[in-house]
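With my numbering, the residue at position 416 of the sequence shown is 457, and numbering never jumps.
From the three backbone atoms N, C-alpha and C, an ideal C-beta is built for every residue, glycine too.
This one's a predicted model, so the numbers in the text were calculated from it and none came from an experiment.
Below: one structure, written as structure tokens.
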Amino acid sequence: MGWREEIASALSEWIAVEGGAGRQPRWQLVGRAARRGDPGQYVVDLRGSDIGPEQLDSLRLAGPDDDGIETKGFVVSEAVQNGSLLTLLVPQFVENADPHLWMLKQPPTFLIEALRDGIAGLGEHPLATALATAMIGGPSAHAVDPPGFHLAQADAYRACLGEGVHLVWGPPGTGKTTVLKRAIGDLIAQGRRVLLVSATNIAVDNALLGVVREKRHEFGDIVRVGPPHLREVAEDPSVSLPLMVRSRLTEAAARRAELEAELVGIRDRAQQLTALESNLAGFDAPSYFAALKFVRTPGQDVAATQAWVIEVEEQLSQAVQRLDHLGEATGTAQARQRAAEAAKDRWREVDDLSEEITRVREAAGNSEADALLADDHRRSLERRLKELEAKGAVGRWRQRDTITGIQGELASARRAATDARIAAQGARATATAHIARLGARVNALVETIPLTLDQIGRLEADNMSLMAECKQAEQQALAIEQEAIRASETAGRARKAHDLAEQAAERGWPAQHDRAERLRPAVAADRTRRPELEKQYQLAQEGYERLARNAQGEIIKSAKLVATTLARFRTNRTVFEGPYDVVLIDEAGAATLPEVLLATGKADRAAVLLGDFMQLGPVIPPALGNSDRPDIVRWLHPDVFQHCGIHEPSDAEAHPSCVTLTEQHRFGPAVMRLANDLAYGGVLTGGPQVLRERPENDPEIVLIDTDGLDGLARAHLTGSRKGWWPAGSLITRALVELHREQGEEAGIVTPYGVQAEATLEALRDVEDAGRPLAEVGTAHRFQGREFDVVVFDTVEGSGDSRELWMALAHRQPGADAWHRNGIRLFNVAVTRTKTRLYVVAGGARVRNAKPGTALSRLAALIGSPGVRVLKAKHLIAPPTAPVPLRGEFGTALAEVLGRHVEVTDVHDETTFYDTFAEEINRAKRSLWLWAPWVAKRLRSLLPALSAAADRGVRITVFIRDDTDQLQRKSANQALITDLRAVAHTVIPMNVMHQKIAVFDEQTVLLGSLNALSQNWTREVMVSMRGAYFARKLLAHEHAETFAHPPKCGRCQGTEIEIRRRKNGNWFWRCYAIACKTTPSGRSNAWTQGIHLRGNR
């Protein structure tokens, strides 16, 4: 079996380990996208993700859920990586309230299959065969040393211009990029076609950027394939492949832009209408126009109505005054009339007397009339009788009865007449006398009356006239008053209408309403047009992409320098097909041997492999790393340097086909000493600039000693030799901010992804969206990078903390790959820095490190020039503690830390608990509490906890189980019963140490104080505010999962606790005595495994 078949076999095994071939790509969420810059431009923070540059092809902007990504999402037309930010370009008309970036991620086997197929089809290639058999070499070019190159750089340069296969070993800062820049420029000038590839995206751009800046090339000579890491490369139209394609496809781009402009117009109109309708939410159009009509009606404007009010009020005032005047006159007249009543009464008395005189006279007259009547009757009877008696005898005889009757009647009449005359005479005499008396009384009475009847009549007439006039005046005043009310109401309406119109005008509502009214028909029409336009745009985009692929192939084929990553090299057919005169592979030590062999197999003249085997090597699955299959051991375990027999710096110096670059120009002497002690065995030397002395207060290496931070500096294990701790997140956040204020870029390196996540969340609590403070990640993320300041968070505490990877890392004889890779990781972290390296670790752990370990190398430098120790407990000091001597930058760091944390120094029972109770009282939604022991301190907190529960705060408490001696005391058990009555959930845990409180997923209290039991001790608690860190802490503690224990599967009880097996797996356990005790008295508790996301 030849070497190609062996490699194919080994890669097939790798494919099998990853799940086998034939798997389909799937959509994977990259992260939330934030709008930034021009329309259609978004940024995504890639920190914490495992997205590589070779995967940034099939991207879509969609919502947070994975449904409808292809139907509702929008294709990303451009993606440019700048550090940890990925800048996206999508159609400007894209609308998404919660945009997220999705990537159609190829299965893990995609790149491996491409690598296997490439190796299988490589054929008999002399340079690839030479490398496969480790028989490398070849003549270097006869060229003059470039200006400024030292001897080793000149040798590397001539190897690039020569023939055959050469290795260039160069630790960080030794000028590999400088060599590549000059060599590529000269190769292009000679008409050679060059392939520049690297295991890391940044390395491609670093080498390419130097060539671009020299501007020795013509347009089209250089092409960068794949999303660049550096913005300067991405935005260079003479290098960036998308920009070069765009310049070629002007017609297709114009058609796409035309449709995009129409869709943008549709979106803008809809957004304008939505914005207008939102702004007009308080605008009552009918009321406004009614008000406008009102104030524009003649006489109803504010001025006219106010003038009316003034005029009517004046009239009313005059009317009231007149009414008052008439009232006074009427009062006077009435008073006079009342005064005349007595006179009027006397005149009535005179009238009565006069009337009586009249009656008396009438009575006397009546008596005399009666006498006259009686006498007249008598005379009448006498005439009748005389007439009868004057007749003859016969006549008298015939009338004898009548005459007799008349004679009788006459006698009576004569008596009556006589009586009447006598009575009349008496009556007259009586009347005359009585009238005389009455007349005297009248005369006397009249003499006493002050007013005549005429005068009294005039007084009454005057009074009546005044009363009538007063009534008329009152009616007039009432009419004027009603008019005044109408005027006032009209004026009020006018003012209200005017104010409404003015307010609307000030807010621009009328104009906005007018625009909204004009927009509504257009937006309604747009809704009908939009689906068809979007379909046309999609077709135009697909057509553009087809043309772009063709154009890309043409551009790549005509380029003299093709720069890309090793992954993209084998997945882009045009790049892969070549041909190339020279292949330059940077960071070759970080690539797998088959990757390097495949790229070498594309070189017709020369292949130069540059890298540093003391940095991190290629990453393969543990199953392959532990395999002893000969093909896997030969082709997948070693990097290219090891394959060629180079394991140590001395091997590189001795190898005839390996150029060694050992003069570095990046970091200072202290870091260089540490790098030499860790990895390079003293071969690294420094250029003149890096060896210059630095001020004493400007150390190059600072050990941030976490001893004394207690619980903050205790690692939360997520594996046997890995984990995370709060101290690192807290300190690194402050360090980054400190150096950002000084204009320095910082990178945070840590061995463990879980610590990187915690630190990243702590940073996001103080960052602006789309503006990260620092890069954060494991060492693999920083390969090929450099920063002004590097913070290496080792997660190595002291005391009873378990030794983790960095404490055990060494490269002594007999060291296995895990220990040696630990040295490589440490070395990557150390050599990324340019001006200062911070190492966050426990001081005792460093001082007591085992000989030969990485930490022992650091310990040996403590006290030497450029190396300083800064105690973290002096930075995170309680406010009551004496201020220690921190130095200039230590003081500055403490000030920055003070912006993010509050430190409570607990002297007695009140200092901390007042603060703790205040936090409980401020809680609105949730309280998570890890307090191993419960003692009488709980009693003082129960009221606050009960009040919090009553207002809806969900309280979850984790405590130690009753296997603990203190916890099983009867008094403590009674307190736990009281706690269960208040808290929603109380979960016992076997052997727990965490002392944490999290309020509303926003505020975190961390430290060494047990919140429910501490009494008369001195402890320190640190308060950190920030939702990202709080949520990450809860996630690390599996809070949500642990807070929902199941019922016992045997007794259906709720007495469930959490325990952990020796293998690290968590499980639920029923601790009810009746359930767990067998008839024989032994314990056989029900258990159930706890399924967690990720490892812990």
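Assign Gly10 to one of three DSSP states: helix, strand, or coil.
Missing from the structure shown is residue 10; the chain here goes from 42 to 1137 and no further.
His688, DSSP secondary structure in three states
Reduced to three states, the DSSP call for His688 is coil.
Taking contact to mean 3 or more Cβ pairs, one atom from each stretch, closer than 8 Å, check whether the segment 820-831 and the segment 873-887 are in contact.
Yes, the segment 820-831 is in contact with the segment 873-887.
Could you check whether the segment 560-579 touches the segment 361-380, counting it as contact only if at least three pairs of C-beta atoms, one from each stretch, sit closer than 8 Å?
Result no; under three Cβ-Cβ pairs closer than 8 Å.
Would you tell me roughly how many angstroms separate the C-alpha atoms of Gly232 and Gln796, rounded to the nearest one?
Looking at the two C-alpha atoms, the distance is approximately 49 Å.
Identify whether Thr170 lies in helix, strand or coil by the three-state DSSP scheme.
Three-state result, Thr170: helix.
DSSP three-state call for His757: helix, strand or coil?
If DSSP states are grouped into helix, strand and coil, His757 belongs with the strands.
Look at the Cβ atom of Leu202, then the Cβ atom of Leu228, and state whether they are nearer than 8 Å.
Note that the C-beta distance between Leu202 and Leu228 is below 8 Å.
Quick one: Cα of Val831 to Cα of Phe867, how far?
The straight-line gap from Cα to Cα measures roughly 12 Å.
Check Arg843 in the structure and name its three-state DSSP category.
In the structure shown, the three-state DSSP call for Arg843 is coil.
Got a sec? Which residues, its chain only, sit under 6 Å from Arg646 by beta carbon, not counting five neighbours each side?
Excluding residues within five positions, the ones whose Cβ falls inside 6 Å are Glu204, Asp622, Val623.
Please report how far the alpha carbon of Gly722 lies from the alpha carbon of Glu694, in whole angstroms.
Answer to the nearest angstrom: the Cα atoms are 12 Å apart.
Identify which residue in Ala528, Ala1068, Gly267 has its Cα closest to the Cα of Ile351.
Ile351 has its Cα closest to that of Ala528, out of Ala528, Ala1068, Gly267.
Could you please give me the residues that DSSP links to Cys699 through a beta bridge?
Its beta-bridge partners are Leu208.
Exposed or buried, Ser842, counting other C-beta atoms within 10 Å across all chains shown (16 or more means buried)?
With at least 16 other beta carbons inside 10 angstroms of its own, Ser842 counts as buried.
Using the three-state DSSP reduction, which class does Arg1059 fall into: helix, strand or coil?
At Arg1059, the pLDDT of 45 sits below 50, so the modelled position is not reliable; the number obtained from the coordinates is stated separately. DSSP places Arg1059 in the coil class of the three-state scheme, outside both helix and strand.
Give every residue of the same chain whose Cβ lies closer than 8 Å to the Cβ of Gln440, excluding the five residues on either side of it in the sequence, and list them in chain order.
Cβ neighbours of Gln440 beyond the five flanking positions: Leu429, Lys432.
Within its chain, find whatever has a CB closer than 7 Å to the CB of Arg76; leave out the 5 residues flanking it on each side and keep chain order.
Only Tyr83 meet the Cβ criterion.
Taking the runs of the alpha helix (DSSP H) that are 4 residues or longer, which of them lie wholly in the segment 758-823?
Correct list: 767-782, 794-805, 820-823.
Please name the residue, chosen from Pro1120, Ala1113, Ile1099, Tyr1112, that lies closest to His1132 on a Cα-to-Cα basis.
Checked all of Pro1120, Ala1113, Ile1099, Tyr1112; the closest Cα to His1132 is Ile1099.
Classify Phe324: buried if its beta carbon has 16 or more other beta carbons within 10 angstroms, exposed otherwise.
Counting C-beta atoms within 10 angstroms of its own C-beta, Phe324 has 16 or more neighbours from the protein chains shown and is therefore classed as buried.
Identity of the residue in Leu634, Ala173, Asp718, Thr791 nearest His851 by Cα
Cα-wise, what sits closest to His851 is Asp718.
Locate the beta strand (DSSP E) running through Asn123, then write down its first and last residues.
First-last of the beta strand (DSSP E) with Asn123: 119-123.
Hey, Met176 and Val71: beta-carbon distance below 8 Å or not?
No, they are not a contact pair.
Please go through the same chain and pick out, in chain order, the residues whose beta-carbon is closer than 6 Å to the beta-carbon of Glu409, but skip the five residues on each side of it.
Once the five neighbours on either side are set aside, the close Cβ partners of Glu409 are Ala465.
Identify every residue that forms a DSSP beta bridge with Phe867.
BP columns for Phe867 are empty, so no partner.
Just to confirm the assignment, what range does the beta strand (DSSP E) spanning Thr835 have?
Element bounds for Thr835: 828-837.
Going by alpha carbons, who is nearest to Gly1090 out of Lys1073, Thr1128, Ser1121, Arg1101?
Ranking Lys1073, Thr1128, Ser1121, Arg1101 by Cα distance to Gly1090 puts Thr1128 first.
Based on Cα-Cα distance, which residue from Arg755, Ala332, Ala720, Gln705 lies nearest to Leu732?
It is Gln705.
Distance, Cα to Cα, Leu172 vs Leu574?
In a straight line, the C-alpha of Leu172 is about 56 Å away from that of Leu574.
Rounded to whole angstroms, what is the Cα-Cα separation between Gly1094 and Ala1113?
Their backbone Cα atoms lie some 8 Å apart in a straight line.
What distance in whole Å lies between the Cβ atoms of Arg387 and Leu500, which are believed to be in contact at a cut-off of 8 Å?
Contact between Leu500 and Arg387 fails: their C-beta atoms lie close to 15 Å from each other, not under 8 Å.
Alpha carbon to alpha carbon, what distance is there between Leu142 and Arg265?
Cα-Cα distance, rounded: 23 Å.
Give me the Cα-Cα distance between Asn889 and Leu902, rounded to the nearest whole angstrom.
If you take the alpha carbons of Asn889 and Leu902, they lie about 13 Å apart.
Say whether the segment 586-605 touches the segment 277-288, bearing in mind that this needs 3 or more beta-carbon pairs closer than 8 Å, one atom from each stretch.
The segment 586-605 is in contact with the segment 277-288.
Inspect the beta-carbon positions of Arg363 and Ala514 and report whether they are closer than 8 Å.
Their beta carbons are under 8 Å apart, which means Arg363 touches Ala514 by this criterion.
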